[in-house]
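Engineer: Quick note: the sequence shown uses the numbering used here, first residue 200, plus one each step. Submitted below is the structure of interest, expressed as structure tokens.
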Amino acid sequence: MEESIAEIWETEDKEAVLDEIIHLYGQDILQLAYSYVKNKAIAEDLTQDIFVKCYKSLHTYNKKSKIRTWLWRIAINTCKDHVKSWYSKNVMAASEELTHSWDSEQLVEEEVLQKDTDDLLAAAVMELPIQYREVIYLFYFEELTIKEISTLASVNENTVKTRMKRAKELLKERLEDNNQWTSD
Numbered sequence: 200m201e202e203s204i205a206e207i208w209e210t211e212d213k214e215a216v217l218d219e220i221i222h223l224y225g226q227d228i229l230q231l232a233y234s235y236v237k238n239k240a241i242a243e244d245l246t247q248d249i250f251v252k253c254y255k256s257l258h259t260y261n262k263k264s265k266i267r268t269w270l271w272r273i274a275i276n277t278c279k280d281h282v283k284s285w286y287s288k289n290v291m292a293a294s295e296e297l298t299h300s301w302d303s304e305q306l307v308e309e310e311v312l313q314k315d316t317d318d319l320l321a322a323a324v325m326e327l328p329i330q331y332r333e334v335i336y337l338f339y340f341e342e343l344t345i346k347e348i349s350t351l352a353s354v355n356e357n358t359v360k361t362r363m364k365r366a367k368e369l370l371k372e373r374l375e376d377n378n379q380w381t382s383d
């Protein structure tokens, strides 16, 4: 994957480089954004913002790390900035209130549909505080190493390991408390 970008990079065609980056990582970035905001439309907007920032910052990429690591750093920072913003805290809360009555009607149907262990686990991961959700998502869903996560999150490897351990403990507690975890 990185090789195709490297070949295009030599042509110095920024649009072609961006096209290849979007082709290779677009869906992954969308999923990452969704893991932060839990809303498809907002995740799509964030993904677009991330690629705009990527395009504007192509000249800063120094090839010391993989393009994926560099892109993930942009994506994570953009998502964190959004989550911290007033808009996401206030507007999303109001939106949730409006859909609460509809959600309660859907609750019984959703409970029946969410019997699959993968769905339950994914839902539990999405409920984790962001620092724990981030490491779980990057490690298990994006298959990044502890070292790569450390670089992306700008924390040392032991912090990543500690967050991973705490995230697993929280997941276990939540799944057991909700009787959602069944042992075979």
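All C-beta atoms, glycine included, are put in the ideal place defined by N, C-alpha and C. Every value quoted in this text rests on a predicted model; they were computed, and no experiment measured them.
(1) Please list, in chain order, all residues of the same chain as LYS279 whose beta carbon is under 8 Å from its beta carbon, the five residues on each side excluded.
(2) Please return the same chain residues whose Cβ sits closer than 7 Å to the Cβ of LYS346, not counting the five positions on each side in sequence.
(3) Going straight from the alpha carbon of THR246 to that of TRP269, what length do you get?
(4) Output the distance between the C-alpha atoms of SER256 and LYS262, rounded to the nearest integer angstrom.
(5) Which residue comes first and which comes last in the alpha helix (DSSP H) that contains LYS252?
(6) Any idea if VAL359 is buried or exposed, counting beta-carbon neighbours within 10 angstroms, 16 or more meaning buried?
(7) Would you tell me roughly how many angstroms separate the C-alpha atoms of ILE273 and LYS252, rounded to the nearest one?
(8) Going by beta-carbon coordinates alone, are TYR331 and LEU369 separated by less than 9 Å?
(9) Is the beta carbon of ALA321 closer than 9 Å to that of GLU333?
(10) How would you write the range of the alpha helix (DSSP H) that LEU223 sits in, first residue to last?
(11) In this structure, does DSSP put TYR260 in helix, strand or coil?
(12) Rounded to whole angstroms, what's the CA-CA distance from VAL282 to ALA240? Just pull it up for me.
(13) Under the three-state reduction of DSSP, which class applies to THR349: helix, strand or coil?
(14) Excluding the 5 residues preceding and the 5 following VAL311 in the sequence, name in chain order all residues of the same chain whose CB lies nearer than 7 Å to its CB.
(15) Between the C-alpha atoms of SER259 and LEU337, what's the straight-line distance to the nearest angstrom?
(16) So, are the CB atoms of MET363 and LYS237 less than 9 Å apart?
(17) Return helix, strand or coil for LEU343, following the three-state DSSP convention.
(18) Tell me whether ASN276 sits in a helix, a strand or coil according to DSSP, three-state version.
(19) Give the secondary structure of LEU327 by DSSP, where H, G and I count as helix, E and B as strand, and everything else as coil.
Structural biologist: Quick answer:
(1) TYR235 and ILE329
(2) GLU356
(3) 15 Å
(4) 13 Å
(5) 239 to 256
(6) buried
(7) 7 Å
(8) yes
(9) no
(10) 213 to 236
(11) coil
(12) 14 Å
(13) Just to set this straight, residue 349 is Ser in the shown sequence, not Thr. Of the three classes helix, strand and coil, the one that applies to SER349 here is helix, per DSSP.
(14) Note that VAL311 scores a pLDDT of 47, beneath 50, so its modelled location is shaky; the value from the coordinates is reported in the next line. For VAL311, where only same-chain residues beyond five positions count, there are no Cβ hits under 7 Å.
(15) Per the sequence presented here, residue 259 reads as Thr, with Ser not at that position. When rounded, the distance between both Cα atoms is 24 Å.
(16) no
(17) coil
(18) helix
(19) coil
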